[in-house]
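What follows is one structure encoded as structure tokens, with my remarks underneath.
In the numbering used here, the protein residues as written are 51 to 219.
Structure representation (structure tokens):
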């Protein structure tokens with residue numbers, strides 16, 4: 051399975067991206083359980099990291115035409131559920147591995163994401179739903195691991211929320 055997952059993730063850099071590839075990746079993420087996660091993570095870490103990096107790039111693209119595609123919505127739901135499994139699976143001792151996957155976005159990307167949120171005027175925007183799931187996962191992780199609140203991307207997220215939504219209201 052890990053070889054297939056690796057191959058599928060590699061094809062994400064090709065344009066156009068096949069809906070079938072998105073669907074297959076979604077299915078592989080959905081298959082993971084508490085019992086399979088540790089092995090999947092050790093065998094597929096590099097592919098998982100590339101998948102997370104790709105997902106952040108996708109969320110920061112100028113065009114969000116993909117956002118209304120059901121296969122992409124299912125993909126992001128599966129990815130965030132996979133991340134929750136990663137967050138709450140105490141059998142995985144390497145917290146740095148979790149941090150590498152969960153917080154793999156750049157400061158520029160988080161700025162772009164918050165700019166998109168600020169520009170949105172539609173409460174039913176699927177983009178907001180996806181970002182909400184991702185930021186909820188960040189919160190879950192930080193609640194479980196408060197010592198990681200000091201990493202720079204977490205600080206940037208907190209500062210933006212504080213200045214934009216708390217101080218300006």
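Here a beta-carbon is modelled for each residue, glycine too, at the ideal position from N, C-alpha and C.
Keep in mind that this is a model prediction, so the values were computed, not measured.
What did DSSP end up calling residue i once you bin it into helix, strand or coil?
| i | result |
| --- | --- |
| residue 113 | coil |
| residue 125 | helix |
| residue 165 | helix |
| residue 62 | helix |
| residue 95 | helix |
| residue 193 | helix |
| residue 201 | coil |
| residue 153 | coil |
| residue 139 | coil |
| residue 159 | helix |
| residue 218 | coil |
| residue 144 | coil |
| residue 119 | coil |
| residue 80 | helix |
| residue 67 | coil |
| residue 170 | coil |
| residue 179 | helix |
I need the straight-line Cα distance from residue i to residue j, nearest angstrom please.
| i | j | result |
| --- | --- | --- |
| residue 127 | residue 161 | 22 Å |
| residue 221 | residue 115 | Shown here, the chain extends from 51 to 219; a query on residue 221 therefore has no answer. |
| residue 142 | residue 64 | 32 Å |
| residue 144 | residue 91 | 11 Å |
| residue 131 | residue 218 | 33 Å |
| residue 173 | residue 157 | 25 Å |
| residue 68 | residue 108 | 14 Å |
| residue 76 | residue 201 | 29 Å |
| residue 74 | residue 57 | 11 Å |
| residue 184 | residue 85 | 23 Å |
| residue 194 | residue 170 | 31 Å |
| residue 165 | residue 206 | 13 Å |
| residue 146 | residue 197 | 12 Å |
| residue 208 | residue 178 | 17 Å |
| residue 106 | residue 215 | 23 Å |
| residue 80 | residue 186 | 19 Å |
| residue 199 | residue 192 | 6 Å |
| residue 66 | residue 72 | 11 Å |
| residue 113 | residue 120 | 16 Å |
How close, in whole Å, do the beta carbons of residue i and residue j come, if the pair is a contact with beta carbons under 8 Å?
| i | j | result |
| --- | --- | --- |
| residue 155 | residue 104 | About 11 Å separates the two Cβ atoms, so there is no contact after all. |
| residue 59 | residue 101 | 5 Å |
| residue 151 | residue 99 | 6 Å |
| residue 190 | residue 117 | The pair is not a contact, with the Cβ atoms about 24 Å apart (cut-off 8 Å). |
| residue 88 | residue 55 | Not quite, the Cβ-Cβ distance comes to about 15 Å (not below 8 Å), so this is no contact. |
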